[in-house]
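Participant:
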Amino acid sequence: MSTRYRKVKTVIEPKAVMEGAGVKLKRSLGGEELNYLDPFLLFDHFGSPHTEDYQAGFPMHPHRGIETVTYMLAGEVQHRDTLGNEGSIGAGDVQWMTAGGGILHEEMPQVRPEGNAGLQLWVNLPAKLKMTQPRYQDVSASEVPEVTLEGSTKVRVIAGTVEGTGGAVKNIAANPTYLDVLVPAHGSFVQPIPQGYTAFAYVFEGKGAIVHDDGQDWVTSPRLVVLDEGKELKIITEDEPIRFLLISAKPLHEPIARYGPFVMNREEEIQQALHDLQQGTFTWKGEAS
Ligand code: FE2
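Residue numbers (my numbering): 532 to 820.
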């Protein structure tokens, strides 16, 4: 008999790290505890009301072989890149960047009274798409569908489908689901997740219980919960609400070689990326499709 509900497999406490030119953030994936959760490479939560914790930002840096997904909770990040794109990401906005064969960009948090907060996920690209043309899906907050479920649970559908409502981000190789879920006190939420897909919940506000076939496990923010195999996720609350991201995608089952912002399949490809960067031939040079 197959398992219905996905239970907790691993609980990860986010660890404080310093990134970019001196940005304080909390890392749950891509660190020592769990370096790779196929196809997810990294998950960071940045956020501070203090200017000195975020102002230095992420000056011009390269990426190759991956996608970076930035979801803003508060404040604003200005970005620009070597392809000539420029813009800002504000609260509730999403930027799904496919770095593909190579891009250099900068991500600079702006000083705001409300501070700066958001989440960044790195998704691996399959070998056949690692050197693909870079592209962006920039989605403003108003373009993200919000679904209110029975019991007043609210879901912002960034990618995937919730009760027939499709997400704002489409045509991503890993067929991801990326939901921002707010379950009120004494509420519940159930979401099907395809079997065989990797799934995790990042709980960033409040607390709730993950219900499974043999009981339930309580989780209090901030925690990243890797989910076990099963057909769906069920979360319930008692006196407190809970807010979390539910993220799932199809695993690649391919070898990886990673070095900072480059994630390829073989070590030679990492050397090639470093070589290209030194030679000034790093950014994508293929035919526009
Ligand atoms: Fe970046």
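The beta-carbon is built from N, C-alpha and C at its ideal position, and this holds for glycine as well.
Note that the structure is a prediction, hence the values are computed from the model and not measured.
1. Just to confirm the assignment, what range does the alpha helix (DSSP H) spanning glycine 799 have?
2. Apply the 10 Å Cβ neighbour rule to asparagine 566 and answer buried if 16 or more other Cβ atoms are within range, or exposed otherwise.
3. Taking 8 Å as the cut-off, decide whether the C-beta atoms of arginine 789 and leucine 572 are in contact.
4. Please tell me whether valine 654 and alanine 705 are closer than 8 Å, where the distance is taken between their beta carbons.
5. In chain order, what residues have a CB nearer than 6 Å to some heavy atom of ligand 1?
6. Using 8 Å as the Cβ pair cut-off and three pairs as the minimum, do the stretch 588-607 and the stretch 632-640 touch?
7. What is the DSSP secondary structure of alanine 552, reduced to helix, strand or coil?
8. In terms of residue numbering, what span does the beta strand (DSSP E) encompassing serine 619 cover?
9. Which term fits methionine 549, buried or exposed, when burial requires 16 or more other beta carbons within 10 angstroms of its beta carbon?
10. So that I know if they touch, is there some Cβ in chain B lying closer than 8 Å to that of valine 554?
11. From the DSSP output, read off the bridge partner residues of alanine 648.
12. Mark lysine 538 as exposed unless 16 or more other C-beta atoms lie within 10 angstroms of its C-beta, in which case mark it buried.
13. Three-state secondary structure (DSSP) at glutamate 637?
14. From what residue to what residue does the beta strand (DSSP E) around methionine 795 run?
15. Taking the straight line between their C-alpha atoms, what separation do you get for glutamate 769 and valine 750?
16. Have a look at the DSSP bridge pairing and note the partners of alanine 780.
17. For tryptophan 749, which residues does DSSP report across the bridge?
18. If you compare alpha carbons, which of Asp744, Leu758, His743 and Pro545 is closest to glycine 727?
19. Thinking C-beta only, is threonine 601 closer than 8 Å to threonine 814?
20. Rounded to whole angstroms, what is the Cα-Cα separation between isoleucine 741 and isoleucine 766?
21. How is the beta strand (DSSP E) around phenylalanine 589 delimited, first residue to last?
Facilitator: On the basis of the supplied data:
1. Along the sequence shown, one-based indexing puts residue 799 at 268. Note that residue 799 is glutamate in the sequence shown, not glycine. Looking at the DSSP string, the run of the alpha helix (DSSP H) that includes glutamate 799 is 798-810.
2. Taking the sequence shown and counting its residues from 1, the one referred to as residue 566 is at position 35. Counting Cβ neighbours within 10 Å, asparagine 566 comes out exposed, since fewer than 16 surround it.
3. What you label residue 789 is simply residue 258 of the sequence shown in a count that begins at 1. What you label residue 572 is simply residue 41 of the sequence shown in a count that begins at 1. Yes, the Cβ-Cβ distance between arginine 789 and leucine 572 is below 8 Å.
4. The residue labelled residue 654 in the question sits at position 123 within the sequence shown. The residue labelled residue 705 in the question sits at position 174 within the sequence shown. Yes.
5. Phe589, His592, His594, Thr599, His636 and Glu638
6. yes
7. Taking the first residue of the sequence shown as 1, we reach residue 552 at position 21. Alanine 552: coil per DSSP, three-state reduction.
8. Looking up residue 619 in the sequence shown gives position 88. Serine 619 -> beta strand (DSSP E) spans 617-621.
9. Residue 549 sits at position 18 when you count from the first residue of the sequence shown. Flag for methionine 549 reads exposed.
10. Among the chains of the structure shown, chain B does not appear; only one protein chain is present.
11. Within the sequence shown, the letter at position 117 stands for residue 648. Answer by DSSP bridge pairing, in chain order: Gly578 and Ala605.
12. The sequence position of residue 538 within the sequence shown is 7, counting from 1. With 16 or more Cβ atoms within 10 Å of its Cβ, lysine 538 is classed as buried.
13. For the purposes of this step, residue 637 is taken as residue 106 along the sequence shown, with counting starting at 1. The answer is strand: DSSP assigns glutamate 637 an E or B state.
14. In the sequence shown, counting from the first residue as 1, residue 795 sits at position 264. Note, methionine 795: beta strand (DSSP E), 793-795.
15. One-based indexing of the sequence shown puts residue 769 at position 238. One-based indexing of the sequence shown puts residue 750 at position 219. Cα to Cα, glutamate 769 sits roughly 12 Å from valine 750.
16. The sequence position of residue 780 within the sequence shown is 249, counting from 1. Thr729, per the DSSP bridge assignment.
17. Here residue 749 refers to the residue found at position 218 of the sequence shown. According to DSSP, which records beta bridges pairwise, tryptophan 749 is partnered with Ala740.
18. On the sequence shown, position 196 is the one that residue 727 refers to. Closest by alpha carbon: Leu758.
19. On the sequence shown, position 283 is the one that residue 814 refers to. On the sequence shown, position 70 is the one that residue 601 refers to. No, the Cβ-Cβ distance between threonine 814 and threonine 601 is not below 8 Å.
20. Reading the sequence shown from its first residue, position 210 is the one you call residue 741. Reading the sequence shown from its first residue, position 235 is the one you call residue 766. Cα to Cα, isoleucine 741 sits roughly 5 Å from isoleucine 766.
21. Taking the first residue of the sequence shown as position 1, residue 589 is located at position 58. First-last of the beta strand (DSSP E) with phenylalanine 589: 589-594.
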